[in-house]
Amino acid sequence: MLLPQNLLLVDQRESLILAPYAMHSCDSMGRQHPETPHTYRGPFQRDRDRILHSSAYRRLSGKMQVFTGEMGDYHRTRLTHTQEVATIARTIGRCLQLNEDLIEALALMHDIGHPPYGHAGEDVLNECASEIGGFSHNQFALTIVRELEFRYRSVPGLNLTFECLQGQTHRIEKNNSTKPLLEVQLVDAADSVTYDAHDTDDALKLGLVTLDEMSENALIADIIRHVRENYAGLSPDLMRQAVVHRLLERQVTDLLVHTGRKLDELSFPNSQAARESDFKIGPSPEFSEQKTELEKFLYERVYRHPRLMEVRKRAQNRLRQMFHGFIEHPERFPKKYQLRADKIGIRRMAIEYLAGMTDHFCEQLFAKHFAKKK
Ligand code: MG
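Numbering of the sequence shown is given in my numbering, commencing with residue 8 and proceeding in unit increments.
This is the structure we're talking about:
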């Protein structure tokens, strides 16, 4: 295809806007199954599009982040969390002149392996899989993009670039000899910025904690003071929004300023030098302490809240019962999963089957096969 002359192609564009320490598409190690380069989409753009069009990605809309559907419809789902991470990571990545396409692909992929019911679901699947090597959402994300998604006749999975896959691998093997690229580190940091802000927002909106209670935390108290000084007479809803907005802004600004200064100081000549150094993208040491305090507060007062613990317990019992029930009645598995069992064993297949479900589908199936008839 002959392209118009005024089109800026990927390598040209990246050479103009990316810093030397960014991961440039032209330096990609490629894919396990080599492909002809696309005329106007770079390799990481293609990764992002493949993830965006995958069924595992779409199913994130039916998976809980922290709070379940039965608690209302205001709070984040796993999908909206993912989109928030992607947008925050891209904002920071753009300012730091990192590769936005790779950042977005990594962000959209980072939670794709989450089972139904968030970490509560993950814990119980890990328990059910204790004799076959356990279960982790990070590992399952790799299984999804390497084996389970079906897009091409000739190759399994999404055939993502090695850089994208390594971004996920490093979450599993912490002592991996290949250290994470700056883009990977940024997505991890943006994940933390995102959930600290939106879990605060959701917890306040759901009434699990009040703003007064949250002001026991020094960072939130400081933010409330700032908001009150600048905007008098806000309604409780607007006050919550202003506090959360400021919490997000302060985290992003700290991360950006601290990282930007360090990168300027270190002036890495390329992405390889940056990933091999001891430098890590993250908040400044002072702000990091404040974030840790806030996370401790959220853990004790929100994630362990009796209303959540109750939901968590019910969800876990449901999943546990389904795992054992399906193993006893393998004929209940859909045909394609029965075929997968020949390859990986029935237990691992059952784990994958359950892990792929949305919260709602899991509940429906539970009601169909396992709920006691009244
Ligand atoms: Mg996340």
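Backbone N, C-alpha and C define an ideal beta-carbon position, used for all residues, glycine too.
Span separating the alpha-carbon of residue i from that of residue j
i, j, result
"HIS126", "GLU272", "39 Å"
"ASN224", "THR87", "26 Å"
"ASN133", "HIS121", "12 Å"
"HIS383", "LEU346", "For the chain, the structure presents residues 8 to 381; residue 383 sits outside this window and is missing."
"ILE95", "LEU113", "13 Å"
"VAL152", "ALA228", "43 Å"
"GLN19", "LYS269", "27 Å"
"MET78", "ASN277", "47 Å"
"ASP195", "GLU107", "14 Å"
"PHE275", "LEU188", "12 Å"
"ILE99", "ILE24", "14 Å"
"LEU10", "VAL17", "13 Å"
"MET116", "GLU138", "27 Å"
"ARG308", "GLU129", "21 Å"
"LYS186", "GLU335", "43 Å"
"LYS375", "MET329", "11 Å"
Cβ-based neighbour list, residue i, same chain, cut-off 6 Å, excluding 5 preceding and 5 following
i, result
"HIS82", "PHE74, ASP209"
"CYS369", "PRO123"
"GLY4", "Because residue 4 is not part of the residues shown, which for the chain are 8 to 381, the question remains open."
"CYS171", "ASP54, ALA112"
8 Å CB neighbourhood of residue i in its chain, flanking five on each side removed
i, result
"ARG253", "ILE230, HIS233, VAL234"
"ASP203", "LEU254, GLN258, LYS298, LEU301, GLU302, LEU305"
"ALA295", "Note that residue 295 is Ser in the sequence shown here, rather than Ala. Taken in chain order, the residues that qualify are GLY289."
"PRO337", "GLN345, ALA348, ILE353"
"GLY267", "CYS102, LEU103"
Per DSSP, the bridge partner or partners of residue i
i, result
"THR84", "MET71"
"ARG38", "THR168"
"PHE157", "GLY164"
Neighbour-count burial assignment, residue i, 16 or more Cβ in a 10 Å radius
i, result
"PHE377", "exposed"
"GLU111", "buried"
"CYS102", "exposed"
"PRO341", "exposed"
"LYS70", "buried"
"ILE179", "exposed"
"ASP166", "With the sequence shown as reference, residue 166 is identified as Asn, and Asp is not the correct amino acid for it. So ASN166 counts as buried."
"SER35", "buried"
"PRO50", "buried"
"ARG160", "exposed"
"CYS135", "buried"
"ASP244", "exposed"
"ALA322", "buried"
"ASP7", "Residue 7 lies beyond the stretch modelled for the chain, which goes from 8 to 381, so this question has no answer here."
"LEU211", "buried"
Cβ shell of residue i (< 7 Å), same chain only, five flanking positions each side left out
i, result
"TYR238", "ALA249"
"LYS287", "GLN192"
"SER68", "THR84, LEU86"
"ARG53", "HIS45"
Residue list, Cβ distance to ligand 1 heavy atoms smaller than 6 Å: HIS88, VAL92, HIS117, ASP118, ASP198
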